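A short write-up of the structure that comes next.
Residue numbers (this note's numbering), protein chains in the order written: chain H, -3 to 319; chain A, 872 to 1279.
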């Protein structure tokens, strides 16, 4: 007797691959879509190519990437970039302002200085180095200017969310209304319903379930990557999230942040900013959160989650599953 | 200068400081010097065309100033990937603009003849993606036009400009490999080959590869590139081909096979076994030459030499980088090893830093600058394409097909 089983690929167009330092998984549910399952599979492949394309453009570990070329260019000269890159730089600058500087792509300069990229190449930044004045953007001529030779951009805190937003636009273009896509389980895009007709759910590491209804989410944990502290002679290790305002590793060691937002890029940026400084969450006004359909959840290991949710979107936070 | 303040920046910006293009360090493998900046138009800005745009942006003194595509969405996507290029819906408008010196053509295969001839006749330098065309007649027409061209005409068969492949060919032609026994190639990639679109008219236009009237299946679209590697190394062409294929996985109504297996036979008795599939990715894309002293395996970004136990040892082998593949130990073939060693980057040099298409474009630009000839001529590309067409004919018919390269 042959057991009848169904697999994910029977119900969804699915694809998984490595990019941006993590595993991306794509699930497209063809229900309510003008495309059949085979065409949905082709869309999944297009999505993969989109992600890989941005991976090669943004990777600081590839010397020929656009970001690496920008980082190795001298300060003071307008550097020509394409419209897609310009849009990304402008979004990041807007988010820097919204988060009072707690999110800042120029924190790559700090990561260099702290030795995260190459421990043998730590170089102290001068006291005059101002991360809030790292670049000028020339929208008319599609150029950016580095304000200091040591400015180094790192899009690691927003890249996954940014490509998820681009993917959302692709899904809309193709009329696909049911999909679940994540990058490394920490940046998630959910549209519509799963094959069983239910909202997509995502389980956090602390056991809570997020039910997602046409939203994106991002989760940030402070100690997920570390390096040896350059200022300590002991074997002490420090978290990878830099505080761009102080120029040091964030002091947050235990609080996990989850953000639900209509934009995955915003979710990424807000979780990073709140991970740097949890008080950012309380500084974002109800009006700001409402305008953006944004909810923030702050978890520590002891207390119940603190939830900023002016729209009541987090009826979506289900009971904690027993471990 | 390491830091500038806002006042200084504003002053300099008002003075119209020239913007810089983002160019990495010059390639370790080719040097050229253009007498004036080269203005390139990219025709066909789908996925391949946009990749070409990205690689051109790495070349010094070369810029994409125009993009051309008859598909509005692709044209818009191509423009977004440029730094201020102008968009054109037709090749005629692009040529008439007078703003370009050269074109890179990445349109569907069956349109190559029309587009290439128009550009060659306009006196432009041309880089033409491969396969060259979808019929023997179109290949001949393009070859004849290229012979009378005033510009530099190069074909996009990337093996001939690939630094690892150039290095490995030196080993092949030395006593390292000795006598050729057989050859093998494959390209395995699990993919649909479908370009999705909700518009049926657009979908038909975009999915030309799955139309047997407009393309030559896996043997034509993929095999051509790899057949040329075998031609280049051996200096010979197969005289006949057998093959078969089927739709093994993508049961979506297509008639173009998603899996093929071919045997290309040479007059001296050597054979080339070539397989390709859209249903499985194991092994990826590679070519192998089996010789009596060693085998060479080429994987586009990497290459290896697998020596037989009774082959003589060369002095340099003592210092060679090696990789283990189950029971086989391969000597890694590193292009530019001496230079990389001088720079202290030898350990970083295993595997090419850029994709193959970069080196093909760099070679083309170097030829335009006068420092070399194109690595792959249109005539060689025509021969490789006709072999691919013959292989596809053999697969479709189930018959042995004679390969006729007369006039090419």
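A virtual CB, placed ideally from N, CA and C, is assigned to each residue, including glycine.
Values in this document were obtained by computation on a predicted structure and should not be read as measured data.
Is it buried or exposed for residue 943 (chain A), if we count other Cβ within 10 angstroms and need 16 for buried?
Counting from one through the second chain, the residue named residue 943 (chain A) turns up at place 72. Under this definition residue 943 (chain A) is an exposed residue.
Q.
So if DSSP puts residue 974 (chain A) in a beta bridge, which residue, or which two residues, is it bridged to?
A. Taking the second chain and counting its residues from 1, the one referred to as residue 974 (chain A) is at position 103. Assignment of beta-bridge partners to residue 974 (chain A) by DSSP yields A:912, A:997.
_residue 185 (chain H) beta carbon less than 9 Å from that of residue 109 (chain H)_ = On the first chain, position 113 is the one that residue 109 (chain H) refers to. On the first chain, position 189 is the one that residue 185 (chain H) refers to. It is not a contact, given that the beta carbons lie outside the stated cut-off.
Quiz item: Under 8 Å Cβ-Cβ, which residues of chain H neighbour residue 954 (chain A)?
Solution: In the second chain, counting from the first residue as 1, residue 954 (chain A) sits at position 83. For the C-beta of residue 954 (chain A), the chain H residues within less than 8 Å are, from N- to C-terminus, 76, 77, 78, 138.
Inset, instruction - Would you mind stating whether residue 27 (chain H) and residue 1065 (chain A) have Cβ atoms separated by less than 9 Å? - result: Within the first chain, residue 27 (chain H) is the residue found at index 31, counting from 1. Within the second chain, residue 1065 (chain A) is the residue found at index 194, counting from 1. Between residue 27 (chain H) and residue 1065 (chain A), the C-beta spacing is not below 9 Å.
In terms of residues, what are the limits of the beta strand (DSSP E) holding residue 1058 (chain A)?
-> Along the second chain, one-based indexing puts residue 1058 (chain A) at 187. According to the DSSP assignment, residue 1058 (chain A) belongs to the beta strand (DSSP E) that extends over 1051 to 1059.
Discussion item. Once the 5 residues before and after residue 1146 (chain A) are set aside, which same chain residues still bring their CB inside 6 Å of it?
Written reply: As a first step, residue 1146 (chain A) is located in the second chain; it is residue number 275 there, counting from the start. Excluding sequence positions up to five before and after residue 1146 (chain A), its CB lies within less than 6 Å of the CB of 1057, 1132, all in the same chain and listed in chain order.
Which residues, in chain order, does the region 918 to 931 of chain A contribute to contact with chain H at a C-beta distance below 7 Å? Cβ contacts with chain H: 918, 929.
**Request:** Would you tell me roughly how many angstroms separate the C-alpha atoms of residue 988 (chain A) and residue 175 (chain H), rounded to the nearest one?
**Result:** Here the question's residue 988 (chain A) lines up with position 117 in the second chain. Here the question's residue 175 (chain H) lines up with position 179 in the first chain. Residue 988 (chain A) and residue 175 (chain H): Cα-Cα distance of roughly 45 Å.
- Message: Does the CB of residue 950 (chain A) have a neighbour CB from chain H at under 9 Å?
- Response: Along the second chain, one-based indexing puts residue 950 (chain A) at 79. Yes, its Cβ sits closer than 9 Å to a Cβ of chain H.
CB contact below 9 Å: residue 1123 (chain A) versus chain H: The residue labelled residue 1123 (chain A) in the question sits at position 252 within the second chain. With 9 Å as the cut-off, residue 1123 (chain A) counts as an interface residue toward chain H.
request  = Tell me whether residue 183 (chain H) is buried or exposed, calling it buried when 16 or more other Cβ atoms sit within 10 Å of its Cβ.
outcome  = Residue mapping note: residue 183 (chain H) aligns to position 187 of the first chain, counting from 1. Burial of residue 183 (chain H) is indicated by the presence of at least 16 other C-beta atoms within 10 angstroms of its C-beta.
Extent of the continuous beta strand (DSSP E) run through residue 184 (chain H): Working through the first chain from its first residue, we reach residue 184 (chain H) at position 188. Note, residue 184 (chain H): beta strand (DSSP E), 183 to 187.
Next item on the list: Out of H:187, H:154, H:181, state which residue places its alpha-carbon closest to the alpha-carbon of residue 168 (chain H).
Entry: Along the first chain, one-based indexing puts residue 168 (chain H) at 172. Ranking H:187, H:154, H:181 by Cα distance to residue 168 (chain H) puts H:187 first.
| query | Which chain A residues sit within Cβ distance under 8 Å of residue 37 (chain H)? | reply | In the first chain, residue 37 (chain H) corresponds to position 41, counting from 1. Those are 1063, 1065, listed as they occur along chain A.
Within this structure, are the beta carbons of residue 938 (chain A) and residue 957 (chain A) separated by less than 9 Å?
Locating residue 938 (chain A) in the second chain gives position 67, counting from the first residue. Locating residue 957 (chain A) in the second chain gives position 86, counting from the first residue. Yes, these two residues count as a Cβ contact at 9 Å.
Have a look at A:1138, A:1236, A:1232, A:945 and flag the residue whose alpha-carbon is nearest the alpha-carbon of residue 905 (chain A).
-> Position 34 of the second chain, counting from 1, holds the residue named residue 905 (chain A). It is A:1236.
Below 8 Å on the Cβ atoms is my contact criterion, and I expect residue 74 (chain H) with residue 137 (chain H) to pass it. Report the Cβ-Cβ distance as a whole number of Å. Against the first chain, residue 74 (chain H) aligns to sequence position 78. Against the first chain, residue 137 (chain H) aligns to sequence position 141. Contact flag correct, Cβ pair sits at about 6 Å.
Mind reading off the beta-carbon distance from residue 1137 (chain A) to residue 1107 (chain A)? Whole number of angstroms is fine, and I expect it under 8 Å. The residue you call residue 1137 (chain A) lines up with position 266 of the second chain. The residue you call residue 1107 (chain A) lines up with position 236 of the second chain. That pair is a contact at about 6 Å.
query = Per DSSP, what kind of secondary structure is residue 1034 (chain A) in: helix, strand or coil?
reply = Translated into positions along the second chain, residue 1034 (chain A) becomes position 163. Helix, per DSSP.
Please state whether the Cβ-Cβ distance between residue 1150 (chain A) and residue 1121 (chain A) is less than 9 Å.
Counting from one through the second chain, the residue named residue 1150 (chain A) turns up at place 279. Counting from one through the second chain, the residue named residue 1121 (chain A) turns up at place 250. For residue 1150 (chain A) and residue 1121 (chain A), yes; Cβs fall inside 9 Å.
* Asked: Exposed or buried, residue 1254 (chain A), counting other C-beta atoms within 10 Å across all chains shown (16 or more means buried)?
  -> One-based indexing of the second chain puts residue 1254 (chain A) at position 383. Residue 1254 (chain A) should be labelled buried.
Problem set entry | Endpoints, beta strand (DSSP E) assigned at residue 131 (chain H) | Within the first chain, the letter at position 135 stands for residue 131 (chain H). From DSSP, the beta strand (DSSP E) with residue 131 (chain H) extends over 131 to 134.
*asked:* Measuring alpha carbon to alpha carbon, tell me which residue in A:965, A:1061, A:1159 is nearest residue 973 (chain A).
replied: Against the second chain, residue 973 (chain A) aligns to sequence position 102. Check the Cα spacing between residue 973 (chain A) and each of A:965, A:1061, A:1159: the tightest is with A:965.
Check: In the DSSP assignment, what are the bridge partners of residue 957 (chain A)?
Finding: Here residue 957 (chain A) is taken as the residue at index 86 of the second chain, counted from 1. In the DSSP output, where bridge partners are listed per residue, residue 957 (chain A) has A:937.
| request: Below 6 Å CB to CB, which residues in the same chain sit around residue 65 (chain H) once its five sequence neighbours on both sides are set aside? | output: Counting from 1 along the first chain, the entry for residue 65 (chain H) is found at position 69. For residue 65 (chain H), where only same-chain residues beyond five positions count, there are no Cβ hits under 6 Å.
- Message: Suppose you measure from the CA of residue 44 (chain H) to the CA of residue 1068 (chain A); what does that come to, to the nearest Å?
- Response: Here residue 44 (chain H) refers to the residue found at position 48 of the first chain. Here residue 1068 (chain A) refers to the residue found at position 197 of the second chain. Here the alpha carbon of residue 44 (chain H) sits roughly 16 Å from the alpha carbon of residue 1068 (chain A).
- Query: Smallest Cα separation from residue 8 (chain H): which of H:276, H:212, H:189, H:247?
  - Reply: Within the first chain, numbered from 1, the residue matching residue 8 (chain H) stands at position 12. That would be H:189, whose Cα lies nearest to the Cα of residue 8 (chain H).
Q) Is the Cβ of residue 1234 (chain A) closer than 9 Å to any Cβ of chain H? A) Counting from one through the second chain, the residue named residue 1234 (chain A) turns up at place 363. Closer than 9 Å: no.
message = From the DSSP secondary-structure annotation, give me the bridge partner or partners of residue 1142 (chain A).
response = Mapped onto the second chain, residue 1142 (chain A) falls at position 271. Within the DSSP bridge table, the entry for residue 1142 (chain A) names A:1136 as partners.
- Among H:56, H:207, H:278, H:25, which residue has its Cα nearest to the Cα of residue 114 (chain H)? For this step, residue 114 (chain H) is matched to residue 118 along the first chain. Residue nearest to residue 114 (chain H) within the set H:56, H:207, H:278, H:25 is H:56 (criterion: CA-CA distance).
Task: Neighbour list for residue 26 (chain H) in chain A, Cβ cutoff strictly below 9 Å - done: For the purposes of this step, residue 26 (chain H) is identified with residue 30 of the first chain, where counting begins at 1. Here the premise fails: no neighbours, minimum Cβ distance about 12 Å.
At least one CB of chain H closer than 9 Å to the CB of residue 1033 (chain A): is that the case? The residue labelled residue 1033 (chain A) in the question sits at position 162 within the second chain. By this cut-off, residue 1033 (chain A) is not an interface position.
Pair every Cβ in the region 1151 to 1160 of chain A with every Cβ in the region 1180 to 1190 of chain A, then say whether three or more of these pairs are closer than 8 Å.
Short answer: they don't touch.
message = Any beta carbon from chain A within less than 9 Å of residue 165 (chain H)'s own beta carbon?
response = Here residue 165 (chain H) refers to the residue found at position 169 when the first chain is read from its first residue. Not one chain A Cβ lies under 9 Å of residue 165 (chain H).
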